[in-house]
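> Dropping a structure here in structure tokens format, bear with me for questions.
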Amino acid sequence: MRISRIKIKNWRNFRSAEVKNISDVVYLLGPNASGKSNFLDVMRFLRDLGKSKGGGLQEAVEGRGGISKIRCLHARKDTEVLIDIDVVHKEGLGGWNYVIGFNIPSSGFEKSRRAFITKEIVNRIGEDGEKTNLLQRPNSEDARDEDQRQQSYLEQVNSNKEFRALAEFFGSITYYHLVPQLLKFGDEISGRTLEDDPFGQEFLLRVSATQERTRNSRLKKIEKALRSVVPQMEDLKFLKDEVTGRPHLEIKFKHHRPRGARQREDQFSDGTLRLIALFWLLQETGDSPLLLEEPELSLNEEVVRQLSYLIDTVRRRRSGGFGRQVFISTHSSALLSNPGIDADGIIVIEPSDDGSNTRKVNEAENAALSAGLSPAEVVLPHARGVPVGMQLKLDL
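So the sequence shown is numbered by my numbering: it starts at 66 and just counts up by one.
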């Protein structure tokens with residue numbers, strides 16, 4: 066399945082925004098602090114509602130600092146926070162519509178002032194596009210016991226039987242922003258691993274826990290992709306330390322020695338580690354989206370220029386025929402310099418005096434892209450908030 070539409074109200078930077086016809090690979094463009102990360106956080110929020118362990122509405126809200134930190138500063142009389150999202154099967158035949166709205170009550174719940182459900186709707190979308198309603202809250206059970214409105218049905222196994230596949234889809238959304246130093250020097254840092262391991266501290270344990278045949282197959286595909294961007298690379302393999310049993314990755318490089326030179330992950334460049342983690346995640350089982358923030362970090366510019374092609378290649382080679390849907394936030398000119406990037410996959414986030422807005426490429430931009438220009442040339446100058454041709458000037 067994949068996400069095909071997202072509508073939000075009073076979410077972070079966005080007073081109101083909607084994106085339709087969302088592609089399999091999405092590039093989020095916009096100036097700093099425009100809301101790229103906050104747009105990704107919509108999907109992380111749904112993941113926190115649907116995940117099987119330690120999720121739920123209250124934890125998702127409090128983990129973001131409370132509803133006052135989530136609600137858009139531009140919200141006026143209507144202060145409800147709302148997410149309305151469509152999830153469809155990759156073949157385009159049917160799917161789900163899920164709506165959740167929440168707020169802090171003006172009365173009731175006085176003791177806790179906890180977030181409560183203002184609306185929760187689940188519709189099954191048929192192959193003909195018709196919707197069948199499965200859940201409409203508040204309902205009669207909520208009327209009998211208002212405390213139930215402090216939880217979504219996504220987090221209640223005894224309540225989501227009819228749409229559990231949707232809850233599992235949301236709960237499997239992956240956000241990853243690997244920090245190489247945390248992986249290389251994990252023993253020395255000895256820090257607490259955050260829930261869901263978003264920064265890759267336990268990435269090697271993730272690799273180690275994978276069945277051997279599957280692991281070797283994925284590493285071979287990664288090796289093939291890396292050979293085009295990592296000089297002198299010959300072989301990538303997984304091994305365990307004979308003494309400690311700790312998992313490691315090892316790369317063999319061409320060398321003047323007959324058997325070549327070998328390095329373990331603590332000797333890899335930061336960029337190589339980030340690429341390995343990225344390509345691994347693109348191959349993981351399940352079809353829930355992968356959320357990536359600025360994957361170009363630590364990478365050589367020439368590697369970044371190939372990144373969109375490599376991402377597309379690896380995800381299409383995944384067993385099962387369909388690759389994961391990928392959302393990428395970036396403002397890298399090198400990454401967007403590939404003219405092969407699908408115009409339908411570009412979402413531009415534009416700040417305004419009334420909150421940030423979202424849009425797809427406009428008619429003029431689409432014409433320029435169709436003529437062979439790249440998103441870096443056509444869309445990025447506008448997405449950065451700098452008019453084309455404008456340069457930074459210092460008043461001396």
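Here a beta-carbon is modelled for each residue, glycine too, at the ideal position from N, C-alpha and C.
(1) Spell out the partners DSSP gives Phe-392 in its beta bridges.
(2) Per DSSP, which one or two residues make a beta bridge with Arg-70?
(3) Does Gln-328 come out as helix, strand or coil in the three-state DSSP assignment?
(4) Going by the CB atoms, is the gap between Lys-155 and Asp-352 shorter than 8 Å?
(5) Determine, using beta carbons only, whether Ala-140 comes closer than 8 Å to chain B.
(6) What is the residue span of the alpha helix (DSSP H) that Asn-86 lies within?
(7) Would you give the residue range spanned by the alpha helix (DSSP H) that Arg-380 belongs to?
(8) Tell me the start and end of each unbroken beta strand (DSSP E) in the stretch 116-170 that is at least 3 residues and wholly inside, in chain order.
(9) So, at 7 Å on beta carbons, what are the nonlocal neighbours of Ser-273 in its own chain, with the 5 sequence-adjacent residues on each side left out?
(10) Check Leu-247 in the structure and name its three-state DSSP category.
(11) What number of angstroms, rounded off, separates the C-alpha of Asn-281 from the C-alpha of Ala-342?
(12) Put Asn-204 into one of helix, strand or coil per three-state DSSP.
(13) May I ask you to report which of helix, strand or coil DSSP gives Leu-81?
(14) From Tyr-374 to Pro-170, what does the alpha carbon distance come to, in whole angstroms?
(15) Determine the direct distance from the alpha carbon of Asn-422 to that of Ser-334, and round the result to whole angstroms.
(16) Alpha carbon to alpha carbon, how far is Ile-411 from Arg-380? Give it in angstroms, no decimals.
(17) For Gly-265, which option in Thr-275, Gln-246 and Gln-276 has the closest C-alpha, if you only look at C-alpha atoms?
(18) With distances taken Cα to Cα, identify the nearest neighbour of Glu-185 among Gly-160, Glu-358, Val-426 and Asp-149.
(19) Measure the C-alpha to C-alpha separation of Lys-425 and Ala-433 and round it to an integer number of angstroms.
(20) Using CA atoms only, rank isn't needed, just tell me which of Ser-435, Val-413 and Arg-67 is closest to Val-444.
(21) Take Val-244 as the anchor and find which of Gln-201, Glu-330, Ala-399 and Leu-231 has the nearest alpha-carbon.
(22) CA-CA distance, Gly-128 and Arg-77?
(23) Measure the C-alpha to C-alpha separation of Pro-452 and Gly-310 and round it to an integer number of angstroms.
The short version:
(1) Val-91 and Leu-356
(2) Asp-151
(3) strand
(4) yes
(5) No chain B is present in this structure, which holds just one protein chain.
(6) Taken as a continuous stretch (DSSP letters only), Asn-86 belongs to no alpha helix (DSSP H), as it is neither H nor E.
(7) 366-381
(8) 146-153 and 160-168
(9) Pro-312
(10) helix
(11) 15 Å
(12) coil
(13) Looking at the sequence itself, residue 81 is Ser, so the reference to Leu does not match. In the structure shown, Ser-81 sits in a strand (DSSP, three-state: E or B).
(14) 48 Å
(15) 38 Å
(16) 18 Å
(17) Gln-246
(18) Asp-149
(19) 14 Å
(20) Val-413
(21) Glu-330
(22) 14 Å
(23) Note on Pro-452: pLDDT 47, under 50, position unreliable in the model; no value is reported.
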